[in-house]
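Numbering (my numbering), first residue to last: 343 to 694. Right, one structure below, let's go through it.
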Ligand code: CP3
């Protein structure tokens, strides 16, 4: 709330996050954390008590509360919408659940033409609660931008084809190479769903979107180009006319950074295996970067962590824009006070 004493906060389009994503100058490096809402917070565990994960994603009161928790606690520069990459799949009728400690589990893996043909398009009318949650959040957040997100077609396909989390993605790769026509049909459907889910959030007021291709790092460049990139491009293109910056992130994607940028991203997310300096070199400075503190370093002594955070802030100065983040999600056992200290440190170390 703005009082007569306090200066009016800058509007969302002028927020550090949106400005950094556009490669504009910022008062400080903006910072948020993937999985900032979730099990590292006692207040999250309290409100989730006895409510299933998928159900909690469809209740605007819970979504709003959980999304706001890390903003209140850490003073991060953005909220990320509390949901899951499989929520839009459930909304089009895929029978799945999110099993605690495991992840998404699909009742009947998608492997045949008949399986693929059962996956229908997503329409905004399938997820009225998502529109409602985003609207409520944007009103509560004021000047703090909301990041909407979706899973990219490859990562969604991996869960559907494997039937759950997978280390080797063998059924997915077998389908991709064994029946390319069926693979492309599946991914085209998923690209529509993913793009429509992003669009619902952006139209309801999200200021930035992130496409998570979490498992794309298991692919070679050649396979990414042949089987995946065009579908991620379709998902990202679904919001191209909305003037909402698009972040594109995956784990272990050091070899794919330029290809992921070229899929239509405004910001390329970098995991912790590649330094921002190397990422900048590999991408030729064409995109602002997001990243890339190793989430395990949040368990290190403060002096070691502080040194690494300062290094990342310095490396980020050379990029056309830098959004500080982890190289992957917050681990559940992370001490939330350490996250708060990292936010303060990033702001202090980067103050212009
Ligand atoms: O704070 C946030 O980042 C917003 C919420 C968010 C969740 N899932 C909530 C969640 C986001 C952005 C996601 C995306 C997501 N979901 C991804 C992409 C990001 C990534 O980590 O690479 C993926 C691969 C999934 C699939 C998924 N859902 C996994 C692997 C898990 C974890 C399983 C477990 O219990 O360890 C989930 C469940 C999930 N999604 C939880 C949360 C907070 C944990 C469920 C719980 O608290 O009971």
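In this text, a Cβ means the ideal position worked out from N, Cα and C, and glycines have one as well.
Taken from the Cβ of residue 678, every heavy atom of ligand 1 lies 8 Å or farther away. Distance from residue 586 to residue 550 at the Cβ level is roughly 6 Å; contact confirmed, criterion being Cβ atoms closer than 8 Å.
Close CB contacts of residue 569 within its chain, under the 7 Å cut and outside five residues either way in sequence, are with 518, 525 (chain order). At least one heavy atom of ligand 1 sits closer than 8 Å to the Cβ of residue 395. The DSSP-derived three-state label of residue 649 is helix. Using a Cβ distance threshold of 9 Å, residue 494 and residue 592 count as a contacting pair. Taking 4 residues as the minimum length, the alpha helix (DSSP H) runs contained wholly in the segment 464 to 518 are 470 to 483, 495 to 504, in order along the chain. Within the same chain, Cβ atoms closer than 8 Å to the Cβ of residue 451 are found at 457, 502, 503, 504, 505, 513, the five residues on either side in sequence being excluded. Remark: the C-beta of residue 497 is in contact range of ligand 1, defined as less than 8 Å to any heavy atom. Annotated three-state conformation of residue 559 is helix, per DSSP.
The beta carbons of residue 678 and residue 384 sit closer together than 9 Å. For the pair of segments examined, the segment 440 to 450 was found not to touch the segment 402 to 419: the number of CB pairs separated by less than 8 Å stays below three. Under the three-state reduction of DSSP, residue 440 is assigned to strand.
The criterion of a C-beta distance shorter than 9 Å is satisfied by residue 658 and residue 664.
Setting aside the 5 residues that flank it on each side, residue 420 is surrounded in the same chain by 359, 374, 487, 489, each with a C-beta closer than 6 Å to its C-beta; the list follows chain order. The three-state secondary structure of residue 665, taken from DSSP, is strand. For residue 422, DSSP records a beta bridge to 489. For the pair residue 390 and residue 623, the Cα-to-Cα distance works out to about 43 Å.
Not one heavy atom of ligand 1 is found less than 8 Å from the C-beta of residue 448.
When DSSP states are grouped into helix, strand and coil, residue 375 belongs to the coil group.
Judged by DSSP in its simplified three-state form, residue 401 adopts coil rather than helix or strand. Listed as beta-bridge partners of residue 553 by DSSP are 492, 590. 454 is the residue among 461, 454, 480, 532 whose C-alpha sits nearest the C-alpha of residue 521. The three-state secondary structure of residue 450, taken from DSSP, is coil.
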